[in-house]
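Chains as they are written, first to last, in this note's numbering: chain P, 63 to 719; chain R, 591 to 633.
No residue lacks a Cβ here, since even glycine has one placed at the ideal position from N, Cα and C.
Here the structure is a predicted model, which means the values were calculated and not measured.
Accompanying notes for the structure given below.
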């Protein structure tokens with residue numbers, strides 16, 4: 063939407079209202095992480111700023127477009143709106159985005175079939191002229207998360223939107239993640255130069271290998287190659303689809319002694335959040351005892367060479383295929399990531415290869431479920447899969463069920479299963495949020511449009527036989543067996559039969575090398591059950607206190623001594639300095655405010671209205687009285703005259719007759 | 591909750607934002623936009 067007044071500051075204050083469902087609260091926080099990774103938009107709990115977004119459980123999913131500058135701006139995440147892309151969609155509205163097909167140039171790209179639209183709903187297909195809506199010089203985007211699907215507002219079974227390029231008919235209406243163009247527009251609209259949590263991405267297609275350096279203290283170097291006789295035949299980024307490109311880094315362990323090493327270090331990186339997730343693909347074509355060690359070289363003050371810390375030893379690397387790995391890190395100072403290949407005992411014709419490295423200041427998934435030979439499972443009766451068993455950080459054992467046998471949609475369900483810790487755990491399982499992500503294996507994390515759904519275990523949920531749904535599986539579950547024959551108990555599944563369509567599943571890089579990855583995180587969100595802490599008012603980002611240039615603007619909460627030190631404001635007022643003098647910034651809300659030198663008085667729109675009405679009434683009454691009196695006096699005066707004239711007239715008449 | 595083997599939070603249908611809002615009888619602009627006066631006149 064055109065208009066600077068509609069913009070938010072890069073960090074948007076928000077409140078998660080108590081009315082929100084627990085799962086929705088967790089998903090909203092996950093959506094914020096996607097903004098932080100791919101844009102320069104950040105979110106923070108409201109601390110008294112004038113304008114903020116209040117996310118609540120209203121009826122349905124909706125938002126205003128742009129910053130209304132109305133103080134509390136509502137955004138509704140109602141029942142069934144707790145999907146991450148839906149929340150991203152609604153926040154894009156709040157940030158100033160219309161729907162993609164309302165662009166002024168949409169008729170060049172889609173046909174609207176007006177007679178298939180429900181009667182009375184035609185206005186939902188308006189376009190905005192380019193005085194109200196700006197395309198930011200980005201081409202029309204069929205893949206936008208802001209695009210209607212082909213079935214929007216249809217009165218029958220035929221699509222209301224037909225794309226002029228037929229291949230996009232089943233692409234429009236995606237609700238997975240931001241598209242590249244969504245991000246381009248958002249980053250242009252807000253002049254983004256960097257994101258909060260992205261650090262680096264490297265697919266080794268450029269000769270500079272992303273600024274990575276070879277170490278001198280090792281036995282061999284990593285080489286940038288496009289294939290290795292003993293494997294891999296091609297890189298992971300392009301999987302051999304592009305002649306002349308498709309490079310990766312290779313440590314040839316066949317040419318060195320056992321225990322020999324090859325070290326590759328990243329460029330220096332500067333963390334902001336203090337926690338990181340490293341994601342990369344690894345291929346082993348040497349000995350199965352080959353090992354990859356991940357270190358951090360951390361540079362602190364006065365330590366020019368940095369301190370090397372071992373973070374993870376990766377052993378037992380499967381032979382003959384690209385494998386996805388995640389490594390969690392916690393670094394607060396400038397650092398390098400160090401990859402050390404070590405030749406293991408045993409025959410080795412090839413070596414270790416690395417590709418598609420991504421580093422971001424995000425949380426790694428807790429578990430990876432890799433599904434091989436995936437394509438043949440889609441739409442097949444064999445397409446019903448259970449994952450291996452996993453444990454959540456709290457100790458709950460769980461399993462994922464993926465149903466690909468349905469002709470159109472893939473379903474995914476979360477099951478609690480009996481586990482070793484059950485006797486020590488709380489039952490029914492309280493407020494554990496399971497997030498299941500189908501990974502888009504795009505080499506660059508910023509372009510991954512992974513498909514994600516989350517569910518949360520509600521300990522009060524019961525089934526119609528009176529059991530608690532999330533009670534311990536050994537009590538409410540059914541007997542099941544692992545492939546090795548071990549028996550266990552599996553609780554009921556909880557998820558969706560509409561996780562993703564097979565059509566979309568074949569799109570993008572969900573399937574790569576016939577492998578699919580489901581990333582799993584189960585986190586305790588019981589802390590979200592409490593009310594978001596109420597703000598301690600601070601000077602507002604949007605207000606501009608004209609302090610003396612160069613002078614710090616102390617507030618009543620700051621430690622800076624100054625005019626505010628002994629100047630107390632009442633009713634949560636905030637002391638601020640203007641022109642060297644202390645004065646109070648009084649809190650205000652939608653229809654109330656405090657005023658007075660120390661915010662000692664309270665005003666409200668209701669009072670104002672009452673005052674206005676009563677003063678109007680008083681003035682009206684006064685005017686009426688004045689009018690009546692003047693009419694009365696005038697009449698009295700003319701009556702006198704009239705009587706005196708009559709007397710005169712009778713004298714004349716006598717004379718005349 | 592019914593006692594199927596798996597409980598489907600979406601009730602077996604893949605609803606988009608607009609379907610959810612329409613089923614609730616909401617008549618929001620373009621299905622999920624809460625307009626202020628000025629913006630409505632622009633379209």
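Item	Value
Residues within the region 551-568 of chain P neighbouring chain R, beta-carbon criterion of under 7 angstroms	554, 555, 556, 557, 558, 559, 560
Residues of the region 128-151 of chain P whose Cβ lies closer than 7 angstroms to any Cβ of chain R, in chain order	130, 142, 143, 148, 151
Interface residues of chain R facing residue 123 of chain P [CB-CB closer than 7 angstroms]	607, 610, 611, 622
Alpha carbon of residue 504 of chain P to alpha carbon of residue 571 of chain P, nearest angstrom	6 angstroms
Secondary structure of residue 75 of chain P, DSSP reduced to three states	strand
Residue 601 of chain R classed as buried or exposed, judged by whether at least 16 other C-beta atoms fall within 10 angstroms	exposed
Residue range of the alpha helix (DSSP H) that includes residue 148 of chain P	146-157
Chain R contact for residue 512 of chain P (CB, 7 angstroms cutoff)	no
According to DSSP, residues forming a beta bridge with residue 585 of chain P	P:495
Unbroken stretches of the beta strand (DSSP E), 3 residues or longer, contained in the region 488-573 of chain P	494-500, 513-518, 540-543, 549-552, 555-563
Residue 393 of chain P and residue 360 of chain P closer than 7 angstroms at C-beta	yes
Check whether residue 86 of chain P and residue 150 of chain P have beta carbons under 7 angstroms apart	no
Residues in the region 475-492 of chain P having any Cβ partner in chain R nearer than 8 angstroms	475
Cutoff 7 angstroms: residue 255 of chain P Cβ touching any chain R Cβ	no
Bridge-paired residues (DSSP) for residue 413 of chain P	P:314
Contact with chain R by residue 93 of chain P, beta-carbon distance below 7 angstroms	no
Nearest candidate by alpha-carbon position, reference residue 32 of chain P, set P:489, P:386, P:680, P:414	This structure cannot speak to residue 32 of chain P, because chain P is shown only from 63 to 719.
Cβ-Cβ distance between residue 91 of chain P and residue 422 of chain P below 7 angstroms	no
Residue 410 of chain P beta carbon less than 7 angstroms from that of residue 349 of chain P	yes
Proximity winner among P:272, P:312, P:307, relative to residue 778 of chain P (alpha-carbon distances)	Any property of residue 778 of chain P remains undetermined from this structure, which presents chain P solely from 63 to 719.
Through-space distance from residue 280 of chain P to residue 155 of chain P, alpha-carbon basis	53 angstroms
Local conformation of residue 603 of chain R per DSSP, three classes	coil
Euclidean distance between Cα positions of residue 457 of chain P and residue 431 of chain P	18 angstroms
Contact residues within the region 204-227 of chain P, judged by C-beta distance below 8 angstroms to chain R	210, 211, 213, 214, 215
7 angstroms Cβ cutoff, residue 3 of chain P in contact with chain R	This structure cannot speak to residue 3 of chain P, because chain P is shown only from 63 to 719.
Distance, residue 471 of chain P Cα to residue 161 of chain P Cα	26 angstroms
Cβ of residue 516 of chain P within 7 angstroms of any chain R Cβ	no
7 angstroms Cβ cut-off: residues of chain R touching residue 161 of chain P	620
Other residues of its chain near residue 127 of chain P: CB distance less than 8 angstroms, five sequence neighbours each side excluded	63, 68, 155, 156, 158, 159, 160
Beta-carbon proximity list for residue 603 of chain P, same chain, < 7 angstroms, skipping 5 on both sides	Any reading at residue 603 of chain P must be qualified, since the residue scores a pLDDT of 41, below 50, and its modelled position is unreliable; the value itself is stated next. Excluding residues within five positions, the ones whose Cβ falls inside 7 angstroms are 71, 111.
Distance between residue 513 of chain P and residue 238 of chain P (C-alpha atoms, nearest Å)	5 angstroms
Helix, strand or coil at residue 209 of chain P [DSSP, three-state]	coil
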